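Student: Here it is, the structure in full.
2 protein chains.
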Amino acid sequence: MASQVHFTRMDPEVRKAHLIDATLVCLKQYGFQGMSVRKICAQAGVSPGLISHHYAGKDELVAEAYQAITRQVMGQLREAMQNAAGQGARERLSAFFQASLSEKLLNPHLLEAWLAFWGAVKTAEAINHAHDKSYKEYRSILAHALGQLALEQCWVDFDSGLAAIGLTALLDGLWLEHGLDPDTFTPAEAVLICEAWIDGLLAGGFRRFCVQAQRTG
Amino acid sequence: MASQVHFTRMDPEVRKAHLIDATLVCLKQYGFQGMSVRKICAQAGVSPGLISHHYAGKDELVAEAYQAITRQVMGQLREAMQNAAGQGARERLSAFFQASLSEKLLNPHLLEAWLAFWGAVKTAEAINHAHDKSYKEYRSILAHALGQLALEQCWVDFDSGLAAIGLTALLDGLWLEHGLDPDTFTPAEAVLICEAWIDGLLAGGFRRFCVQAQRTG
DNA sequence: GTGTTTGCTGTACAGTTATTCAACAGGCGA
DNA sequence: TCGCCTGTTGAATAACTGTACAGCAAACAC
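Chains as they are written, first to last, in my numbering: chain A, 1 to 217; chain B, 1001 to 1217.
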């Protein structure tokens, strides 16, 4: 006998959260290309018409899925920084590295999804906007911590904004590499690479970022 | 009166080059998703059947387009390194930075295409394979230069492979950031960021990459 | 001019896509 | 228990997707 119960009702917000989860599962399973409305709905155990009922369309759902993982990641990073709030700038940066490069965030599935989103930034306006917002926040957190470090070290005319661009590039680059091939390095090695960057900055690398005083060789 | 001339013939290799160009244009214009056989052929000014005539299918064309820009970029980088062959490791690395972050390679169109390809690495095997090959070459060039630097500086147990992963991440991260938003930094600033990394490595950052002697901090 | 080669066209095809919407039914209030 | 509200269904739709292939015609040899 076929199942009599065809569906169970849900609060719209709960259902939308389920659809976002299913979207992320499909994203990692089929990639950005292979992920279709039917597959997402099959994953969520609902009928294909439901996405258009809760969202303006598939694109809106995908954009919200991107915002969801962005929120989740930024939340974890903010939390890590707050836990180290009382300590020095160096320790706060280390906490940020540990959080950014934890096993949880270096999860291949998460990074693959991120990679696919990055690839869509230039063609999907909603994703572009969400990216821009989170990226600027990420960079400003690092710029602030590096500015504190400069104060502690009494560096004059230190361009913390530019240094933050470099450190963000290093972290994003590590994410990128790990997303493209998770076997390249371990989370511990990634943290070591970032600590070496700070070591080098403290040992003398900072001079390049000082506006007036160029290196005298 | 409608145009009488329907098409002009071309040498297969020339036509294929045109199709690859059209593929890259469509990639940046419509993204990896929106790029279809019909759009590529419209861009190239040919009939939609021509791709199947010259290639086994669309995927083969896309993979060859990726290899084409990869070859182009790696060729420029190899050339830059050869031009600085007689000099010290530091100078060779600087030449590599200059080449990697030249206006030509930080071209938004090129980076947008690259970004789209990166997003497809995990779903298209041919692209994954081509990426893996070029990425390993890129890293080995840097590892070799860093190994030379370690010899010159008499660093013992320096893990140039790990340091190369970090430097590759920094460079890839700068490409990524510039692809996502070209206004974040200028090519000159990107080179400065890389030079600061080397400065820091020389000033003391290298110790983290020495296997035995951990920092006594 | 004629013949031959073959690069190229363009329609046809089968399969997929996102989206729509009238009908259905779960679950709550009364 | 009834009745309403509304979350959900699922078939239908139109617009796409990549590929195949029979035939056309450009360009060259003669």
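For glycine and all other residues, C-beta sits at the position ideal for the given N, C-alpha and C.
Every value quoted in this text rests on a predicted model; they were computed, and no experiment measured them.
Give every residue of the same chain whose Cβ lies closer than 8 Å to the Cβ of B/Ile-1165, excluding the five residues on either side of it in the sequence, and list them in chain order.
Tutor: Translated into positions along the second sequence, residue 1165 of chain B becomes position 165. Counting only Cβ-Cβ distances below 8 Å, and skipping sequence neighbours, we find Arg-1139.
Student: Measure the alpha-carbon distance for B/Thr-1216 versus B/Ala-1056 and round it to whole angstroms.
Tutor: Taking the second sequence and counting its residues from 1, one reaches residue 1216 of chain B at position 216. Taking the second sequence and counting its residues from 1, one reaches residue 1056 of chain B at position 56. Because the pLDDT at B/Thr-1216 is just 44, under 50, the model does not fix this residue reliably, and the value given afterwards should be weighed accordingly. Going by the C-alpha atoms only, they are around 59 Å apart.
Student: Return yes when the Cβ of B/Gln-1067 is within less than 8 Å of the Cβ of B/Ala-1130, no when it is not.
Tutor: In the second sequence, counting from the first residue as 1, residue 1130 of chain B sits at position 130. In the second sequence, counting from the first residue as 1, residue 1067 of chain B sits at position 67. In this structure, B/Gln-1067 lies closer than 8 Å to B/Ala-1130 by Cβ.
Student: Should the region 118 to 132 of chain A be called in touch with the region 1178 to 1196 of chain B, which here means at least 3 C-beta pairs below 8 Å?
Tutor: The region 118 to 132 of chain A is in contact with the region 1178 to 1196 of chain B.
Student: Could you check whether the Cβ of B/Ile-1193 sits closer than 8 Å to any Cβ belonging to chain A?
Tutor: Position 193 of the second sequence, counting from 1, holds the residue named residue 1193 of chain B. Taking Cβ atoms only, chain A reaches closer than 8 Å to B/Ile-1193, which makes this a yes.
Student: Within 8 Å of any Cβ in chain A, is that where the Cβ of B/Asp-1172 sits?
Tutor: Taking the first residue of the second sequence as 1, we reach residue 1172 of chain B at position 172. At least one chain A Cβ lies under 8 Å of B/Asp-1172.
Student: Residues of chain B with CB closer than 9 Å to the CB of A/Leu-110, please, in chain order.
Tutor: Here the question's residue 110 of chain A lines up with position 110 in the first sequence. Per Cβ cutoff of 9 Å: no residues; A/Leu-110 is ~12 Å from chain B at best.
Student: Identify which residue in B/Cys-1041, B/Leu-1110, B/Ser-1036 and B/Arg-1090 has its Cα closest to the Cα of B/Leu-1176.
Tutor: Locating residue 1176 of chain B in the second sequence gives position 176, where the first residue counts as 1. Of the listed residues, the one whose Cα sits closest to B/Leu-1176 is B/Leu-1110.
Student: Using the three-state DSSP reduction, which class does A/Cys-41 fall into: helix, strand or coil?
Tutor: As a position in the first sequence, residue 41 of chain A is number 41, starting the count at 1. Helix at A/Cys-41.
Student: Taking the straight line between their C-alpha atoms, what separation do you get for A/Ala-22 and A/Lys-39?
Tutor: Your numbering for residue 22 of chain A matches position 22 in the first sequence. Your numbering for residue 39 of chain A matches position 39 in the first sequence. In a straight line, the C-alpha of A/Ala-22 is about 9 Å away from that of A/Lys-39.
Student: Out of A/Leu-167, A/Lys-104, A/Val-73 and A/Ala-145, point me to the one whose CA is closest to A/Arg-90's CA.
Tutor: The residue you call residue 90 of chain A lines up with position 90 of the first sequence. Nearest of A/Leu-167, A/Lys-104, A/Val-73 and A/Ala-145 to A/Arg-90, Cα basis: A/Ala-145.
Student: So within the region 142 to 199 of chain A, which uninterrupted alpha helix (DSSP H) runs reach at least 4 residues, ignoring any that extend past its ends?
Tutor: Counting whole runs of 4 or more residues, the region 142 to 199 of chain A contains the alpha helix (DSSP H) stretches 160 to 180.
Student: So, does the CB of B/Asp-1157 fall closer than 8 Å to a CB anywhere in chain A?
Tutor: Against the second sequence, residue 1157 of chain B aligns to sequence position 157. So no, B/Asp-1157 is outside the interface.
Student: Name the two residues that bound the continuous alpha helix (DSSP H) containing A/Gln-33.
Tutor: Against the first sequence, residue 33 of chain A aligns to sequence position 33. Its alpha helix (DSSP H) spans residues 12 to 34.
Student: On a CA-only basis, which of B/Leu-1077, B/Lys-1122 and B/Ala-1113 is nearest B/Ile-1141? Give me that one, please.
Tutor: Mapped onto the second sequence, residue 1141 of chain B falls at position 141. Comparing Cα positions, the closest option is B/Leu-1077.
Student: Can you find a CB in chain A that lies within less than 8 Å of the CB of B/Ala-1017?
Tutor: Locating residue 1017 of chain B in the second sequence gives position 17, counting from the first residue. Taking Cβ atoms only, chain A never reaches closer than 8 Å to B/Ala-1017, which makes this a no.
Student: Closest by CA to A/Gly-75, which one among A/Glu-112, A/Ala-99, A/Leu-61 and A/Glu-64?
Tutor: Taking the first residue of the first sequence as 1, we reach residue 75 of chain A at position 75. When only C-alpha atoms are compared, the closest one is A/Ala-99.
Student: Output, in chain order, the set of chain B residues within a Cβ distance shorter than 9 Å of A/Asp-132.
Tutor: Numbered from 1 along the first sequence, position 132 holds the residue referred to as residue 132 of chain A. Leu-1180 and Asp-1181, listed in chain order.
Student: In chain order, what residues of the same chain have a beta carbon less than 7 Å from the beta carbon of A/Gln-148, not counting five sequence neighbours either side?
Tutor: Here residue 148 of chain A refers to the residue found at position 148 of the first sequence. Ala-89, listed in sequence order.
Student: Measure the CB-CB distance between A/Pro-187 and A/Glu-112 and report whether it falls below 8 Å.
Tutor: Against the first sequence, residue 187 of chain A aligns to sequence position 187. Against the first sequence, residue 112 of chain A aligns to sequence position 112. In this structure, A/Glu-112 does not lie closer than 8 Å to A/Pro-187 by Cβ.
Student: Could you check whether the Cβ of A/Thr-123 sits closer than 8 Å to any Cβ belonging to chain B?
Tutor: Counted from its first residue, the first sequence places residue 123 of chain A at position 123. Chain B, which has a Cβ nearer than 8 Å to the Cβ of A/Thr-123, makes this yes.
Student: Counting only beta-carbon separations shorter than 8 Å, does A/Leu-151 have a partner in chain B?
Tutor: Working through the first sequence from its first residue, we reach residue 151 of chain A at position 151. Not an interface residue.
Student: Identify each residue in the region 1027 to 1039 of chain B for which the Cβ-Cβ distance to at least one residue of chain A is less than 8 Å, and report them in chain order.
Tutor: Listed by position along the chain: Lys-1028, Tyr-1030, Gly-1031, Phe-1032, Gln-1033 and Gly-1034.
Student: Applying a beta-carbon distance threshold of less than 7 Å, which residues of chain A neighbour B/Asn-1007?
Tutor: Taking the second sequence and counting its residues from 1, one reaches residue 1007 of chain B at position 7. Rather than Asn, the amino acid found at residue 1007 of chain B in this sequence is Phe. Within chain A, no residue comes near B/Phe-1007; the closest Cβ sits about 30 Å away, beyond 7 Å.
Student: What are the boundary residues of the alpha helix (DSSP H) that B/Val-1211 is part of?
Tutor: Walking along the second sequence from the start, residue 1211 of chain B turns up at place 211. No alpha helix (DSSP H) holds B/Val-1211; DSSP gives it neither H nor E.
Student: According to DSSP, simplified to helix, strand and coil, what is B/Thr-1008?
Tutor: Within the second sequence, numbered from 1, the residue matching residue 1008 of chain B stands at position 8. Coil, per DSSP.
Student: With 8 Å as the threshold, decide whether the Cβ of A/Asp-199 is near any Cβ in chain B.
Tutor: Position 199 of the first sequence, counted from the start, is the residue given in the question as residue 199 of chain A. Closer than 8 Å: yes.
Student: Could you check where the alpha helix (DSSP H) with A/Gly-75 kicks off and where it finishes?
Tutor: Along the first sequence, one-based indexing puts residue 75 of chain A at 75. Segment 58 to 83, the alpha helix (DSSP H) holding A/Gly-75.
Student: Measuring CB to CB, does B/Ile-1050 end up less than 8 Å from B/Cys-1041?
Tutor: Position 50 of the second sequence holds residue 1050 of chain B. Position 41 of the second sequence holds residue 1041 of chain B. A small fix is needed here, since residue 1050 of chain B is Leu in this sequence, not Ile. For B/Leu-1050 and B/Cys-1041, yes; Cβs fall inside 8 Å.
Student: With a 10 Å radius around its C-beta and 16 neighbouring C-beta atoms as the bar for buried, classify B/Gly-1086 as buried or exposed.
Tutor: In the second sequence, counting from the first residue as 1, residue 1086 of chain B sits at position 86. Label assigned to B/Gly-1086: exposed.
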